Every structure is written in structure tokens, then in C-alpha cells.
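Structure first, then comments.
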Amino acid sequence: MAIMGTFAFEEDFLAVARSLQSSGFDNISLLSPLPLEEAQEVLGLGKSPVRHYSLAGAILGAISGFAMAVGTSLVFILPTGGRAIITIPPFLIITYEMTILFGVLFTLLGFHFVSGLPAWRDRPYWSSASVDRFVVVVEGVAAEQLARAEAIIRDAGADEIRHVEEEQ
Amino acid sequence: MFDHGEPSYADVNKDVLSTMLETGPRYWMLLGGTMSVAGICFFMPWIYQLFVGVGAAGMNRNAVWGSYLSNFIFWIGLSHSGTLLSAVLHITNSPWRKAIYRSAEAMTLFSLMTAALFVMVHLGRVWFVHWSFPIPNQMGLWPNFRSPLMFDVMAITTYLTASSIFIYMGSVPDFAAVRDASTGMRRRLYTIFSFGWRGTAREWHTLGWAYTFFAVFVIPLAVSVHSIVSWDFALSAVPGFHHTIFAPYFVTGAIYSGTAGIVTVMYCLRKFLGFERYIGQVHLDSLGKLLITLSLIWSYINILELFSGWYGGTSFELEALKFRLTGFYAPLYWEMILFCAFVPMLMLSKKIRWSWNKMLLVSVLINIGMLTERFIIVATSQPRKFLPDAFGYYVPSWIEISITVGSFAIFATLFLIFIKWVPAISIYEVKETLKPLRRDA
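Protein chains in written order, with numbering that gives the first Met the number 0: chain B, 0 to 167; chain U, 0 to 440.
Here you go:
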């Protein structure tokens, strides 16, 4: 079972998130129409692991870019004016571009893994969260805890409260 | 920040989404018009050229590069300030970026697509374009990565990919807003586009980090792309091309024309989509100051280019310089100097900088000057290389002129389609510039 409450003001929304946490509810989602650093702090979200994906992608891109330039020039030998077949300066440009390309692609991959998106299945959601409402969602609430969660949300000044049956 | 009073969060959703969800006959007429011009002026002449060969263009034995490549550089240049400016302003946390960056990034994407089309047109036998990619094939043929043209393929492919991802990822929360405001087929479509975004703190946190990394990757990428385009010329030994200053010259020119392009696009968004509330004097003023700075840098590099050619003292360079300053295309050269070095100085006056109509005129003149600059680089250097018996002239044929005109219609068509599919102003980032929803605010 999940329970949701909407709030018109940021401070009520943040306060209820803190209350719920201190009352032992740990499966909380905080939905907002814009990024709120304080909400991220409440949930203890520090440095994102996305940065590891970016670094890994950039390193892999650099290696594969250089390997591709060297590999193709060895497979298809094209002598030009007596110059070396493996020429470092131009190959560094290919390496540079591939570093960025793979860095971007891996950052994208990292975003999807870390955020859990795409997620097209039904999840507790309130469409006003994309307009002007702050929504707190407590998921996986046991039936005996439901009344306590609802009381905390109501006491914090929620405009509306809704119970949602979660998919198993 | 807001010229007509600060909107509420709900107003931002309503104002931006209404431009997507409500479509009047004027839009369809405009779209029909740009598509027709694109078809008649761009695609029909191109098809004709495919049948008769690239000889249909005015390029000849002396000038093997012509207006297709100068247009290619122009469109690549125009693409520059969108993503680059957006990334730089994101890293520096500039609040005036938020209302204009989405459309500026779209400008990047569509300019790049238009530029890529010019490569196809220039190639002649476009059906062999895949030969330039490192794809295994039955001939055992691999691209030569020592060639600057291959640097181009890699750079532009990377730039197109990165710019597409950059604009898409920034739009995901807004796609969710469109999903929530729509029904039926559109709702289903935007559910897919938004990846099921809910706006949780974790999603915002991850997007913020990823977006900053995209910005960090995109800034050096954008600089590298136009540097690499400049090396197509500068790594040759042709007088007029062979300058070490070419990379910064091209990059500055690119950002310059791109920024002027943003002013033009912002004018149209204000005028035709009714975004007066969101795109205001602060944006115009900031862009005006940026244009003055870029104009001064551009002028300095131009003087330096002339000086290094003259100081080199070789007869080939001096001949190329003389031809550029006093030869057949001299009027175009001086037009470029007038539009790109002198006209922008009008923006030193606040009266000009604060007037949308005057700024539109200045921005269009700058881009006419920049289009001319690219043409002059290509058209005055190759016909004047080394031996006098190789001297000649290059004049674009009607097919090239028509394709140039058509390219603007392609860009406009893509942009018109974009504004109906993607919120032209970032909804959530504009909300960040509003007073927070607090009791004490």
C-alpha cells in the first residue's frame, strides 16, 4: 500500500519528509515540479554515481578511438608521401572525439541505470506534481502503519491525501 | 527578469504548453510555405544535380570547393552557440539562460542537420557516403584517419549525437508535463518520451548530475568541431587557407553567428508564440553585450589574418590578399567587414540593445556578413593558388543559389515542427527563476 499527500508550499513538504523519516518510514519519494536541493539533502543524496559512468565512458572511448585509428590504418595500409603509417597527432584528434562520444553515451546510460528510468509501469503519481504541487509518497506501508503515516501527512498541512494500491 | 510581471508556476505550464497544444491556421500556412520552398528550392535542384552530376554547380577545375562547402561551414557555425552557450551558461549558473536555452539548443541540432545535408549535396554520389564511416565492408576499404575530412566525420557525428542527447535529456521533465496535460494518443506518446518521469528527488538529482556532465563534455566538443572544420582548410598549403589562426578564427566566427542566430530565433518566439513574458529585455541586453564582445574578437582575428598574410611576404600570399581586398569579390569582403565589424558597434547604444526590431536587424546583418565570410574564404582562395595559369574565378550557379535559399527553408521547417513537439521554453528551469513556493515568499 502507498499513501500520497500534496502540498502547496515547499517548507511543509520538506517538513513532512523529515517527520516521516524520523518516524521510521524509509521508502519515501518526494515529487516536485522543479529540482529542490533541500529535498535531495533530506533523502541524503550526495554525489551521484553517474560520474563513474562518465569517467568509464571517456576512458573506454579514448582507448577505442585510438585503437580504431591504428587498427584501420594497419588493416588498410595507405602510404602517403613516405609518412609513418601510425601517425600520432591526427590519431589523437580521433581519440579526443571518441572520448567525448563515449563519455556522453555512458553518461546517458548512467542516468538511466541510476534513476531507474524508463519506468512505464504504474507507480504512485499525482499529475499536479508537474505543475505547482509538491507530493510526498510513502510506498510499501504496512496496513497497521497506514493510519500513522496519514496522520503525519495530514498534520503537516496536506491539501489532499490519497491511498494507492501498489502493483505486486 | 520578467517584463510583464512574474508568472505563477501554473501560468508557466499553461503558457508554454498552449503553444504546443493549440495550433491555428497561421501555423499550418507557415509550415506549408517553408516545406514548399524547401522542396522547390533545395530538393528539386539537388535531384536534378544527382541526375546530371556536380557539373551542374559552378565549381570548376580551379575552384573544386564552392558554395556547398561555404554553406556547410555557415550552418556548422550557426549551430555553435546553441549547445555551447547553453552548456557554458549552465556551468556558470546564469539565470538568464533558462528561458532561451531550449530553442538555442534546437537551433544547434537543426543547423547541424542542414550542414550535414550540404555535405551530401557536395559529395555528388551521395549513395557512397557510408564509405566515410569505419564500417566493415566487402572491399576491405577503411577510412584514412589522417585526413582532416575524416576528423570532420568523427567530430560532426559526435556533435550531432551529443547535442541530440543534451536537448532530449533537458526536455524529459517537460515531456512529463506535456503528458500530464494531454489525453489520448498524445498522452501515450509523451509517456514514452518522458520515460515515465515523476519528478522525484532522486530523478532530479540524477538528471542534474548527468546534465552537468553532458555540459562538461559538450563545451570542448563544440570548440573542437569548428577547429576541425577550419583544419579542412588550414592543413592544406593553399594561400588564404594555410593560417595557424584559422581554428580560433572559425570558432569565434561560429559562436558569433550562432549568438546572432539566437537573437533572430528569440525575436520569432516572442512575436509568433507570445513568449514576451519569458523572453525579455534582460535576455536581449545580455545577448547584445555578448555580440559586441564577439564582434571585437572577430575583428581582431581578421586584422591578424591580414597581418600574418602580409608579414609572411610570399608572393602567393600577397596575391591572395590582394585578390581578396581589391579583386572580383572585394565588394563582398567589405560588405562582410561592414556587417560584422562596424554594424554590431551600434549595440554599444542601449537604445539599439533594448529594441527588439533593431536587434533583429543587426542580428540578420551579422549573419549575412558571416555567410559572406564563409563564401569569401572558399571562393577567393582556391582560384588564386600559386601559378597564374591556374588562376580563375568561381561563380555559383543558379542551382547552388537555389539550394542555399532552400536550406533556410529546411531549417525553418524543422524548427516549426520542433515547437509543436517539444516545449520551446524549459518549463521547469523557468520555474527555478521564480519566487519559491514558500509561505514567507
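Using N, Cα and C, we set each Cβ at its ideal position, and we do this for glycine too.
Model, not experiment: these values are computed from the prediction.
{"Query": "Contact set between P32/B and chain U, taken where Cβ atoms lie within less than 7 Å", "Result": "Y8, G198, Y427 and K430"}
{"Query": "Neighbour flag for T5/B against chain U, beta carbons, 8 Å", "Result": "no"}
{"Query": "Short CB-CB distance (under 8 Å) between S53/B and chain U", "Result": "yes"}
{"Query": "Inter-residue spacing [alpha-carbon to alpha-carbon] between I336/U and N366/U", "Result": "12 Å"}
{"Query": "Three-pair Cβ contact test at 8 Å for the region 142-154 of chain B versus the region 236-244 of chain U", "Result": "no"}
{"Query": "Complete runs of the alpha helix (DSSP H) confined to the region 353-383 of chain U [at least 4 residues]", "Result": "355-380"}
{"Query": "Closest Cα partner of M138/U within the set L268/U, S146/U and H129/U", "Result": "H129/U"}
{"Query": "Three-state secondary structure (DSSP) of R161/B", "Result": "strand"}
{"Query": "Cβ distance (whole Å) where V394/U is taken to contact G57/U below 8 Å", "Result": "5 Å"}
{"Query": "CB contact check: A118/B to chain U, cutoff 8 Å", "Result": "yes"}
{"Query": "For L30/B, three-class secondary structure by DSSP", "Result": "strand"}
{"Query": "Alpha carbon of Q280/U to alpha carbon of L295/U, nearest angstrom", "Result": "23 Å"}
{"Query": "Own chain partners of T371/U with C-beta closer than 7 Å, once the 5 adjacent residues on each side are dropped", "Result": "L331, E334 and M335"}
{"Query": "Cβ pair T18/U, L272/U closer than 8 Å", "Result": "yes"}
{"Query": "Cβ neighbour criterion (16 or more within 10 Å) applied to R438/U", "Result": "exposed"}
{"Query": "Which listed residue (G23/B, P32/B and S18/B) has its alpha carbon closest to that of L433/U", "Result": "P32/B"}
{"Query": "Contact the region 238-257 of chain U vs the region 398-417 of chain U: 3+ CB pairs below 8 Å", "Result": "no"}
{"Query": "Residue burial classification, G4/B (beta-carbon count within 10 angstroms, cutoff 16)", "Result": "buried"}
{"Query": "Cutoff 8 Å: L59/B Cβ touching any chain U Cβ", "Result": "no"}
{"Query": "Beta-carbon spacing of T292/U, L30/B below 8 Å", "Result": "no"}
{"Query": "Three-way DSSP call (helix, strand, coil) for G273/U in this model", "Result": "coil"}
{"Query": "Exposure of E9/B, with buried meaning 16 or more beta-carbon neighbours within 10 Å", "Result": "buried"}
{"Query": "G4/B, enclosing beta strand (DSSP E) - first and last residue", "Result": "A1 to F6"}
{"Query": "For F50/U and T156/U, the rounded distance between their alpha carbons", "Result": "28 Å"}
{"Query": "Exposure of A57/B, with buried meaning 16 or more beta-carbon neighbours within 10 Å", "Result": "buried"}
{"Query": "Delimiting residues of the beta strand (DSSP E) encompassing V134/B", "Result": "F133 to V137"}
{"Query": "Distance, M106/U Cα to F42/U Cα", "Result": "21 Å"}
{"Query": "CB contact check: W130/U to chain B, cutoff 8 Å", "Result": "no"}
{"Query": "Backbone secondary structure at T432/U - three-state DSSP", "Result": "coil"}
{"Query": "Residue-chain proximity (Q39/B, chain U), Cβ-Cβ < 8 Å", "Result": "yes"}
{"Query": "Pairwise C-alpha distance: S53/B and V103/B", "Result": "7 Å"}
{"Query": "T263/U (DSSP reduced to helix, strand or coil)", "Result": "helix"}
{"Query": "Contact list for D179/U against chain B, beta-carbon separation under 7 Å", "Result": "S126 and S129"}
{"Query": "With 16 other Cβ atoms within 10 Å as the buried cut-off, status of I426/U", "Result": "buried"}
{"Query": "Limits of the unbroken alpha helix (DSSP H) element including E96/B", "Result": "I87 to S114"}
{"Query": "Cβ pair L206/U, D131/B closer than 8 Å", "Result": "no"}
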